[in-house]
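Worksheet: the structure to be examined is printed underneath.
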Amino acid sequence: MFIPTVPTPEEILDKSFSRAKKAANKVRTSTIPRYKKSKQTEEARIKTACQVTKDTFNNLLDKTPQVENMHMFYQDYIDVMVGVDELKKSLGALNWAVGIMNKLENEYVFKVRRSRPENAANVRKAAFGRISSVVRQIKDELDFLDFTKGKLRNMPTIDFEAFTLVIAGFPNVGKSTLLRQITPAEPKVADYPFTTHGIQIGHFEKRWKKYQIIDTPGLLDRPIMDMNNIELRAMVALEHLADVILYIFDASETSGYPLESQMRLYNEIRHVFDTQIICVFNKMDLVENNKYLDEYISMLDNPLMISASNGSGVDLIIKELEEYNGGKKGNKNEKRVGNGES
Ligand SMILES: Nc1nc2c(ncn2[C@@H]2O[C@H](COP(=O)(O)OP(=O)(O)OP(=O)(O)O)[C@@H](O)[C@H]2O)c(=O)[nH]1
Ligand SMILES: [Mg+2]
């Protein structure tokens, strides 16, 4: 999301007052009669200071996208990142300041016009004092907008037209490795949990159809209430973007998470989201045939066996995706039903 550079109160005031000074100089060097000059000079200063301040706020307001007009994914993403209510409150404060600037301009222009020439400078000083105090009063809100700008700088750009697969699973199970195998995206891959903090996106085309693969931060099998912001971002992507969810099990358990927990999370996701799920067992290169794993495999209907790091089985995922996209696998969980536990 693009938010223009957010100035500090001091920067706003410096700019407004120095522009006001320039405007006053213009009047001072003009040809109007001398006795009128002091009042007109001060009037120009007041008007310009109010207008420049107002313009600064209006520019911020115009250029900040309206959250309520955005896709629900972005609304929830912004809510997780900074809080939609706080953002609206900050923009509301700018609107308030614009209104006050209008009032101050009218009030003090009127006062300076009615003042004696030798008093005009005092009226202008009083106006500047009021302007300063209004601008300083919304310091926290300006700070918050600046914080928002930083936080949303890397907000992902979503293609809402493409068929979208969201990869989900525990931390460290190989989600980002898989994204790298399927698309030219370069997400961070590392041997520790929660490597992926944000949402990574890759794209590819197959038979003239566009696909978008979204890699999410790892999830743990805990209630949404207990999730941290990193996990919540994954949930937001699942909720709003997934045409199909790809749930990765780490068959080797080298991620540090037992299959039992991974199955619990899978069942949780299956119940929470009304989206079809493709199940894959990853890191198959690390496991020998074993009964313990077979038990979990048999709980699912034809899960895919892959090794994301060497690419084996990845073609099966793409084939499966094409079938979902072509409508052959249309209905919710028609194929991949779990064992009904939980
Ligand atoms: N042997 C083997 N290692 C793998 C495989 N897939 C991923 N890994 C390794 O597992 C580790 C974690 O992989 P990532 O792709 O970062 O896992 P992730 O699920 O994206 O992790 P988070 O972003 O932290 O949730 C890395 O060291 C990978 O190289 C695989 O199929 N076989
Ligand atoms: Mg990752």
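Read in order, the letters of the sequence shown are residues 0 to 341 in numbering that gives the first Met the number 0.
We put the CB at the ideal spot given by N, CA and C, even for glycine.
Q | Segments assigned alpha helix (DSSP H), at least 4 residues, entirely inside the segment 3-60 | A | 8-27
Q. Gly91 to Glu85, Cα distance in whole Å?
A. Residue mapping note: residue 91 aligns to position 92 of the sequence shown, counting from 1. Residue mapping note: residue 85 aligns to position 86 of the sequence shown, counting from 1. Distance between the alpha carbons of Gly91 and Glu85: 10 Å.
Q) Pro183: buried (16+ other C-beta within 10 angstroms of its C-beta) or exposed? A) As a working note, residue 183 is residue 184 in the sequence shown. Label assigned to Pro183: exposed.
Q. With which residues is Ser251 paired in a DSSP beta bridge?
A. Within the sequence shown, residue 251 is the residue found at index 252, counting from 1. Ser251 pairs with nothing; no bridge assigned.
**Q.** Met71 (DSSP reduced to helix, strand or coil)
**A.** Counted from its first residue, the sequence shown places residue 71 at position 72. Looking at Met71 - three-state DSSP - the assignment turns out to be helix.
(Q) Distance check for Pro6 and Thr52, CA to CA, integer angstroms please. (A) Walking along the sequence shown from the start, residue 52 turns up at place 53. Walking along the sequence shown from the start, residue 6 turns up at place 7. Using only the alpha carbons, I get a separation of about 11 Å.
Q | Spatial distance of Asn338 from Ala161 (CA atoms) | A | Taking the first residue of the sequence shown as 1, we reach residue 338 at position 339. Taking the first residue of the sequence shown as 1, we reach residue 161 at position 162. At Asn338, the pLDDT of 40 sits below 50, so the modelled position is not reliable; the number obtained from the coordinates is stated separately. Straight-line Cα distance between these residues: approximately 31 Å.
Q. To the nearest angstrom, how far is it from the Cα of Met100 to the Cα of Lys62?
A. Working through the sequence shown from its first residue, we reach residue 100 at position 101. Working through the sequence shown from its first residue, we reach residue 62 at position 63. For Met100 and Lys62, the distance between alpha carbons rounds to 20 Å.
(Q) Just verifying my parser: in three-state terms, what is the DSSP assignment at Asn309? (A) Start at 1 with the first residue of the sequence shown, and residue 309 comes out as number 310. In this structure, Asn309 counts as coil in the three-state DSSP scheme.
Q. Should Ser15 be listed as close to ligand 1, given that the test is whether its C-beta is under 7 Å from any heavy atom?
A. Within the sequence shown, the letter at position 16 stands for residue 15. Because no heavy atom of ligand 1 lies under 7 Å away, the Cβ of Ser15 does not count as near it: no.
Q: For Val83, I'd like the list of residues in its chain whose CB is within less than 7 Å of its CB, leaving aside the five on either flank, ordered along the chain.
A: Locating residue 83 in the sequence shown gives position 84, counting from the first residue. Cβ within range, chain order: Val66, Gln74 and Ile77.
Q: State buried or exposed for Tyr210, treating a residue as buried only when at least 16 other CB atoms are found within 10 Å of its CB.
A: Start at 1 with the first residue of the sequence shown, and residue 210 comes out as number 211. Buried, since its Cβ has 16 or more Cβ neighbours within 10 Å.
Q: Using the DSSP secondary-structure output, state which residues sit across from Val243 in a beta bridge.
A: The residue labelled residue 243 in the question sits at position 244 within the sequence shown. Partner(s): Leu164 and Gln275.
Q | Beta-bridge pairing of Phe280 - partner residues as DSSP gives them | A | As a working mapping, residue 280 is identified with position 281 in the sequence shown. The partner list for Phe280 (beta bridge, DSSP) reads Phe248 and Met304.
Q: Rounded to whole angstroms, what's the CA-CA distance from Lys36 to Lys110? Just pull it up for me.
A: Mapped onto the sequence shown, residue 36 falls at position 37. Mapped onto the sequence shown, residue 110 falls at position 111. If you take the alpha carbons of Lys36 and Lys110, they lie about 16 Å apart.
Q) In angstroms, rounded to a whole number, what distance separates the CA positions of Lys20 and Val81? A) For the purposes of this step, residue 20 is taken as residue 21 along the sequence shown, with counting starting at 1. For the purposes of this step, residue 81 is taken as residue 82 along the sequence shown, with counting starting at 1. Rounded to the nearest angstrom, the two C-alpha atoms are 38 Å apart.
Q: Can you tell me the Cβ-Cβ gap for Val235 and Val79, rounded? I've got them flagged as a contact below 8 Å.
A: Sequence index remark: in the sequence shown, residue 235 carries index 236 (1-based). Sequence index remark: in the sequence shown, residue 79 carries index 80 (1-based). About 6 Å; that satisfies the 8 Å criterion.
Q: Pick helix, strand or coil for Lys187, following the three-state DSSP scheme.
A: Position 188 of the sequence shown holds residue 187. Lys187: coil per DSSP, three-state reduction.
Q) Where DSSP assigns a beta bridge to Ile200, which residues make up the other side? A) Here residue 200 corresponds to residue number 201 of the sequence shown, with the count starting at 1. The partner list for Ile200 (beta bridge, DSSP) reads Ile213.
**Q.** First through last residue of the alpha helix (DSSP H) which encompasses Leu218
**A.** Numbered from 1 along the sequence shown, position 219 holds the residue referred to as residue 218. Taken as a continuous stretch (DSSP letters only), Leu218 belongs to no alpha helix (DSSP H), as it is neither H nor E.
Q: Just the C-alpha distance for Asp273 and Val165, rounded to the nearest angstrom, thanks.
A: By one-based count along the sequence shown, residue 273 stands at place 274. By one-based count along the sequence shown, residue 165 stands at place 166. Using only the alpha carbons, I get a separation of about 13 Å.
Q: Measure the Cβ-Cβ separation of Lys282 and Ala241 and say whether it is below 8 Å.
A: The sequence position of residue 282 within the sequence shown is 283, counting from 1. The sequence position of residue 241 within the sequence shown is 242, counting from 1. It is not a contact, given that the beta carbons lie outside the stated cut-off.
Q. Just how far apart, CA to CA, sit Asp54 and Lys38?
A. Locating residue 54 in the sequence shown gives position 55, counting from the first residue. Locating residue 38 in the sequence shown gives position 39, counting from the first residue. Answer to the nearest angstrom: the Cα atoms are 24 Å apart.
Q) If you draw a straight line from the C-alpha of Ile268 to the C-alpha of Lys88, how long is it? A) Taking the first residue of the sequence shown as position 1, residue 268 is located at position 269. Taking the first residue of the sequence shown as position 1, residue 88 is located at position 89. Rounded to the nearest angstrom, the two C-alpha atoms are 34 Å apart.
Q | Among Ser308, Tyr265 and Glu185, the one whose alpha carbon lies nearest that of Tyr295 | A | For this step, residue 295 is matched to residue 296 along the sequence shown. The candidate whose alpha carbon is nearest that of Tyr295 is Tyr265.
(Q) On the CB-based measure, 16 or more other CB atoms within 10 Å of its CB, does Ile31 come out buried or exposed? (A) As a first step, residue 31 is located in the sequence shown; it is residue number 32 there, counting from the start. By the 10 Å Cβ count, Ile31 comes out exposed.
Q) Roughly how many whole angstroms lie between the Cα atoms of Leu12 and Thr147? A) Here the question's residue 12 lines up with position 13 in the sequence shown. Here the question's residue 147 lines up with position 148 in the sequence shown. Each residue's Cα considered, the two are about 22 Å apart.
Q) From Gly98, Lys208 and Tyr323, pick the residue whose C-alpha is nearest to that of Val243; which is it? A) The residue you call residue 243 lines up with position 244 of the sequence shown. Of the candidates Gly98, Lys208 and Tyr323, the one whose C-alpha sits nearest the C-alpha of Val243 is Tyr323.
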